[in-house]
Structure formats: structure tokens, C-alpha cells
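There are 2 protein chains.
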Amino acid sequence: MTLSSATDQIGEAFAGLGPSCVVLRLAPGEEIFGEGEPADYVYQVESGTACTYRILSDGRRQVCEFHLPGEFIGLEAGVEHRASAEGLTSVTVVAVRRSALASLAATDLALSRRLWELAIKGMQQSQNHASMLGRLGALERVAAFLVDFAERVGARDAMDLPMTRQDIADYLGLTMHTVSRTLSQLQSEGFIDARSSRHVELRRQAALADLCA
Amino acid sequence: MTLSSATDQIGEAFAGLGPSCVVLRLAPGEEIFGEGEPADYVYQVESGTACTYRILSDGRRQVCEFHLPGEFIGLEAGVEHRASAEGLTSVTVVAVRRSALASLAATDLALSRRLWELAIKGMQQSQNHASMLGRLGALERVAAFLVDFAERVGARDAMDLPMTRQDIADYLGLTMHTVSRTLSQLQSEGFIDARSSRHVELRRQAALADLCA
DNA sequence: CGTGTGGTTGAAGTGCGTCAAACTGGGTGG
DNA sequence: CCACCCAGTTTGACGCACTTCAACCACACG
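Going line by line, the protein sequences match chains A and B. Going left to right, the first sequence walks through residues 883 to 1095 as our numbering numbers them. Going left to right, the second sequence walks through residues 883 to 1095 as our numbering numbers them.
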């Protein structure tokens, strides 16, 4: 992971934090931080896609969230990270010392408010995720994932998926097999057109959204 | 739902908000707010237990969280509530105008920081919930629920459950039948002793925690 | 070419849901 | 005081959606 000073690439949220910011460039699959490590930094994705996940004692994995450019990773209430984070693609992230962020937030009201909104949005995203995992079937979960992800990347009707089938499965609480089968089913029923395994075109996007119940 | 001025019963978080606070007393099952309603108030549970939930178009229900005394309900990023809330038992809650809270937070640094921590904790709770729903089996979910709830109510080894089997099922993403069967199984294997359907004693609490994987 | 990683697909197994019936305890009215 | 009721709960039998196990496929890279 290469480091470089980057006071000229800082997002607006971090204005005034120049000296405390560091840009990290990571290769695909490289870890940003690990579960249990001290949460001294907060990260904002600049380019690429990252994901956060937790591993159970017997190896089962739950992907908490995929993180697109502009989004934040690593905000914690306690002193250590409760999830691991890694890049799915090549990723660049801006790292900010948590202590610097906290002391700036103490005087900058707009920043403090924005941090609060970020936390609330994160909570609501997790609640959506939980509803999906608790009550939707496989078809509904995959459809919901496609619709949600397309919206987040701002895709009109076609998009590239930066993650593997296994990543999607671990996000949706399914197996890679079920995800693959379900995508095939959506394809055969004309909801999507998967040119390659990483590229999806959404046909009948409204109908797809209706599948999410 | 009866209202009364209650400047003398306000939690420490709301010091200085006296005039903007109202105490609501609700009968069991009574709604505190509904999904889609404007989120003008934030609520703190004073006594009893409440729960937040969302209903899908076809009637499936997902309980987002159970809320014990001291906990907050109704914090939202947008202008409307994204879940409904109701009391499981008789409940008293303190309602605070969101606008009053926001303007106080603008000057009170400690309050602003506490609100941020609340949001982060809520996010982590939801993430735990999602992990559970995504990757744990029925036995693990029920065991995790018992251990977690016992800890939250501060129960050493025995507790009363304020919610029905259906509520537990909707929280755990199971059916009431599976919850009931699983509790029976835990009982027959000596992990718990359910004197009545609403009272549980945890035997071998450590072993129970191990079941959660 | 061979090899390896990610993906697809089939067949068989299983854990939880569904359907159905019986039970329990608290409340009400005769 | 007892008969009845009713919501909540328990339990059984059965079915199905998803997992598991096992091949096979496709593309990238040496």
C-alpha cells in the first residue's frame, strides 16, 4: 500500500484537515483495515470500490456494505474496528486521523452535522440490509441488490459489477451458487442481460424493482 | 395516548430542553409513530419496552429493534420515519421536537457528540443484526437473541420477555413456529429453563453464547 | 498449451416454512 | 365457582427453497 501526501485531493468534508490526510493506493484485494484493529483513522473512498465484512469463527463471512467513491469507511463508536475492509478493485482512499476529525468537528458545526448525518444514513442502510436478509427470498434479494447498486453507481440501465459472485452472496446471505442461478433465471426471464459475468444490463428496471416486494 | 408536561423527568441528554419535552404514556400495542409520518419528534423510552418495525407490501414484517428504557427512537436522516414504532408493554416515552434538539446541538458540544455516538451505536447494532440474519441458523439466532437481550436488560440469569413469539420471530427473520421449537430444544438440552412463555432462566450462559458462533 | 481462478449448472440433501391441530392461561359472563 | 372463550403458544407432518456436493465451463496468464 503506497502512501502520498495529498492536500490537494481532499474532499470538501475534510477542508482544513489537509495536514492530517493521507492518500492510500491499494491493489485489488488489499486490506484497508482489519477487524479488531485500533480505529485511529476514518477513510473516504476516492476511486474504486471497497467492501467491509466480518468473519465468523467457523469462516462464514458477512459483507456489511459495498463502498463507492465518496463514501466513508471505518467510523466507529469504540476504539477498534468491528469489521474488516478491503478493496474489490484498485482503490484509493483518503485516511484522516480520527482525533483530528473529532477536534475539528468540535469547532466546525457543519462538519459535525455532516458526520451525524453520515452515521444516521449508515444506520438506515444497515436497517434496509437487515430487512432484506430477514424477510426476502433469493430472487427478491438479488433483484433488490441489482436495483440498489445500479442506483448507487448512477447507472441508467447498464453497469459493471466490481465484485465477485461470492462477494454478492456474502452480502445477500446466500451462496454463490444461488446467486448465479438467480441471475441466470433473471436473464432467462428477460429482466437483465448479462453480457459477461461482470457486466449487467437492466431491462425492465421498473419490473425488476417490483420483484423486491 | 395521554400527554403531560414533564420538565422534571427529562433525561440528562435533554437538559435545557425542558419546554420542548412532552411525556407520552401508551397502552400496550399502541403506536408511537408510523412509517412515512413526518419525523418531527425524537423519543426516549422512559419505562416499558418498545419496538420499531417495517411492513412489506405483502404483509411480511421485519422488527428492526427492541427499545429498552433510556434508548432513543425515531432519529432519522430524512424528513419522515422509515419505520413504525409501538409499545410492547405499557410504555412511557419522552418526545422532543427534532428542531429543538438540532438547535440545542448547534451550541451544546457534548450533546452533539452524544447524538453522534447514538447514531454510530445504532448503526453497529443494525450491522450486528444484519450479520445475524445473513449468516446464522435458527438455533444460533435464538441463542444470540437470548444472550443479547439478557445483557441489555442487565439480567444475571433470569428475565421476563416483554414481546410475543411472533415479535421475536419477526426480529430474527424466522416464523413463530421455528422460534417456539428452538426454545423447546434449548430447554430440553438444558440451556434454558422457561418457567412460563414470557419468563426465561438462562442456565449455562457461557455455553449459550458459544452457540452463537 | 497447461494451470488456476471465477462462474455455471445439475442432483441430492436438509433446515426452515407451511398447514393443521391441540394446548394453556388469563379473562369474562352466567 | 365454573364454563367458556380467545389470543398466544406448542407440536406434528409435510413440502419446498436454498445449501451442499460434484462436475464442467470460460477466460486469463505463464
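The C-beta atom is built at its ideal place from N, Cα and C for all residues, glycine as well.
With a threshold of 16 other beta carbon atoms within 10 Å, A:Thr989 falls short and is exposed. For the pair A:Glu968 and A:Ala921, the CB atoms are not nearer than the 8 angstroms cut-off.
In the DSSP assignment, B:Ala932 falls within the unbroken beta strand (DSSP E) covering Ala932 to Ile937. Sequence-ordered contacts of the stretch 1010–1022 of chain A with chain B read His1011, Ala1012, Ser1013, Leu1015, Gly1016 and Arg1017 [C-beta pairs closer than 7 angstroms]. The stretch 904–923 of chain B makes no contact with the stretch 1002–1021 of chain B: fewer than 3 CB pairs, one atom from each, lie closer than 8 angstroms.
For B:Val1082, the enclosing beta strand (DSSP E) stretches over residues His1081 to Leu1084. Contact between A:His949 and A:Thr934 holds, since their C-beta atoms are separated by about 7 angstroms, short of 8 angstroms. Listed in chain order, the non-local C-beta contacts of B:Asp1049 below 7 angstroms within the same chain comprise Cys933, Val945 and Leu970, local neighbours out to five positions each way being set aside. Nearest CB-CB separation between A:Ile1002 and chain B: below the 8 angstroms threshold. For A:Gln926, no Cβ of chain B is located within less than 8 angstroms of the residue's own Cβ. Neighbours of A:Gln1087 in chain B, taken as residues whose beta carbon is under 8 angstroms from its own, are absent, since the nearest beta carbon is some 18 angstroms off.
The C-alpha of B:Ile914 is placed about 10 angstroms away from the C-alpha of B:Thr974.
Among the residues of chain B, none has a CB under 9 angstroms from the CB of A:Ala1076; the nearest is roughly 24 angstroms distant. In the three-state reduction of the DSSP assignment, A:Gly1072 falls in the coil class. As a beta-bridge residue in DSSP terms, B:Met1041 pairs with B:Val1082. At the C-beta level, A:Pro951 and A:Ser929 come within 8 angstroms of one another.
DSSP, read as helix, strand or coil, puts A:His1011 in helix. By the beta-carbon neighbour count (other beta carbons within 10 angstroms, threshold 16), B:Glu1033 is exposed. Not flagged as an interface residue toward chain B: A:Gly952, since no C-beta distance is shorter than 8 angstroms. The beta carbons of B:Gln1009 and A:Ser1008 sit closer together than 8 angstroms. A:Arg1086 and A:Ala1037 have their C-alpha atoms roughly 14 angstroms apart. Per DSSP, reduced to three states, the secondary structure at A:His963 is coil, with no helix or strand assignment.
Taking a C-beta distance under 8 angstroms as the contact criterion, A:Met1005 and B:Ala1026 do not qualify as a contact pair.
A distance below 6 angstroms between beta-carbons, with the five flanking residues on each side excluded, links A:Gln1069 to the following residues of its chain, in chain order: Ala1076.
Against chain A, a Cβ distance below 7 angstroms from B:Asp1030 picks out nothing, because the smallest value is about 14 angstroms. Excluding sequence positions up to five before and after B:Val924, its CB lies within less than 7 angstroms of the CB of Phe954, Gly956, Leu957, Val978, Arg980 and Leu983, all in the same chain and listed in chain order. Within the model, the alpha-carbon separation for A:Cys903 versus B:Gly960 is close to 30 angstroms. For B:Glu928, the three-state secondary structure derived from DSSP is strand. For the set A:Ser1062, A:Val976, A:Leu1054 and A:Glu1022, the Cα lying nearest the Cα of A:His1011 is the one of A:Leu1054. Listed along the chain, the chain B residues whose CB falls inside 7 angstroms of the CB of A:Ala959 are Glu999, Ile1002, Lys1003 and Gln1006.
From the beta-carbon of B:Arg964, the residues of chain A found nearer than 9 angstroms are Gln1006, Gln1009 and Asn1010. By the Cβ-count criterion, A:Ala1051 is buried, with 16 or more other Cβ atoms from all chains shown falling within 10 Å of its own Cβ. Close to A:Ala988, with beta-carbon spacing below 7 angstroms, are these residues of chain B in chain order: Leu991. Note on geometry: alpha-carbon atoms of B:Lys1003 and B:Arg996 lie some 10 angstroms from one another.
Rounded to whole angstroms, B:Thr931 and B:Ala909 show a C-alpha spacing of 11 angstroms. Setting aside the 5 residues that flank it on each side, B:Glu1022 is surrounded in the same chain by Leu1093, Cys1094 and Ala1095, each with a C-beta closer than 7 angstroms to its C-beta; the list follows chain order.
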